[in-house]
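Numbering (our numbering), first residue to last: 15 to 263. This report refers to the structure that appears directly beneath it.
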């Protein structure tokens, strides 16, 4: 879906979870304009105008460390530089630019906001990087050619989907179906969230995915308790089994 990847501020949330049980049919978050296409179209129109006027590429969602964390993991795992990689909700595309600068060559970014794709294209052109494919795509209704990726990355898009005022539970379920159709079996899914805890994300992606690793994120202390404001997990898609596909249909 493409709500943001990189963008003008993350969705509301503290990573502390909702208190309801994900997958129970309950809405775990209060609906918000941050979950609507209209909000992000307007936001990226402003970002595009700012870039055209003063060359400001916009914010990095979750900060520069969030990009470095992903790249460190890919390098640690010795993921081949030519592995097909998809940035779900690429926004201004800054993550893809960093991946390209790190040597990755098969990069695709999607966003359902045309202004976001225009912005990322202009930034790509300014940086002189040509090996990044950018497409206007709604991840909840992906085109048939959006498939065969070995790596899928989400920094905030699933968060925003969770805030959609219209059937957020159904949209989260569609996100999972889209992810399974886009990512190859045994491919890797890296997600960064400020709304969901590790335990909640494990529940959300329990069908079709195994948890591989929790990536270290900044900690905070409040009231004598230590927690994380951001959750970053690495999943691996399971080998395709008919029983799993049946559950997702």
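For each residue, glycine too, the CB sits at the ideal point set by N, CA and C.
Next item on the list: Could you tell me which residues DSSP pairs with residue 251 in its beta bridges?
Entry: DSSP lists 223 as the bridge partner or partners of residue 251.
How many whole angstroms separate the CB atoms of residue 201 and residue 159, which I take to be in contact at a CB cut-off of 8 Å? Approximately 17 Å separates the beta-carbon atoms of residue 201 and residue 159; this is outside 8 Å, ruling out the contact.
* To do: List the endpoints of the continuous beta strand (DSSP E) containing residue 196.
  => Run containing residue 196: none in the beta strand (DSSP E); it sits in the alpha helix (DSSP H), 182-196.
Check each candidate in 212, 138, 203 and name the one with the smallest Cα separation from residue 98.
Residue 203 is the option with its Cα nearest to residue 98.
Exercise for review: Can you say whether residue 175 is buried or exposed, counting buried as having 16 or more other CB atoms within 10 angstroms of its CB?
Suggested key: Looking at its Cβ environment, which holds 16 or more other Cβ atoms inside 10 Å, residue 175 is buried.
Checklist entry - Mind checking residue 82: buried by the 16 CB within 10 Å criterion, or exposed? => result By the neighbour-count criterion, in which a residue is buried when 16 or more other Cβ atoms sit within 10 angstroms of its Cβ, residue 82 is exposed.
- [ ] Pull up the CB-CB distance for residue 168 and residue 105, whole angstroms please, since I reckon it's below 8 Å.
- [x] Rounded to whole angstroms, the Cβ separation of residue 168 and residue 105 is 12 Å, and the two are not in contact under 8 Å.
inquiry  = Mapping the DSSP letters down to three states, classify residue 152 as helix, strand or coil.
reply    = Residue state, collapsed to three classes: coil.
task = Indicate whether residue 223 and residue 189 have their beta-carbon atoms separated by less than 9 Å.
result = Going by C-beta atoms, residue 223 is not nearer than 9 Å to residue 189.
Any heavy atom of the ligand FAD closer than 8 Å to the beta-carbon of residue 133? The model depicted lacks the ligand FAD and carries no ligand whatsoever.
Could you give the distance in angstroms between the alpha-carbon of residue 88 and the alpha-carbon of residue 129? If you take the alpha carbons of residue 88 and residue 129, they lie about 29 Å apart.
Requested in this report: With residue 100 as the anchor, note down where its beta strand (DSSP E) starts and where it stops.
Outcome: Residues 99-102.
Cβ of residue 172 within 9 Å of Cβ of residue 186? Contact flag set, yes.
message: Please report the distance separating the alpha-carbon of residue 219 from that of residue 147.
response: About 27 Å.
Check whether the Cβ atoms of residue 139 and residue 111 sit closer than 9 Å, and answer yes or no. Going by C-beta atoms, residue 139 is not nearer than 9 Å to residue 111.
Option nearest residue 123 by Cα separation, candidates 91, 92, 156, 94: Comparing Cα-Cα distances from residue 123 to each of 91, 92, 156, 94, the minimum goes to 156.
| query | Which of the three DSSP states, helix, strand or coil, is assigned to residue 215? | reply | Note: residue 215 maps to helix in three-state DSSP.
Distance, residue 245 Cα to residue 210 Cα
Cα to Cα, residue 210 sits roughly 7 Å from residue 245.
- Item | Beta-carbon proximity list for residue 95, same chain, < 7 Å, skipping 5 on both sides | The residues 117, 118, 119, in chain order, have a CB closer than 7 Å to that of residue 95 in the same chain once the five nearest residues on each side in sequence are set aside.
**Study point:** Enclosing alpha helix (DSSP H) for residue 171 [first to last residue]
**Key:** Looking at the DSSP string, the run of the alpha helix (DSSP H) that includes residue 171 is 171-175.
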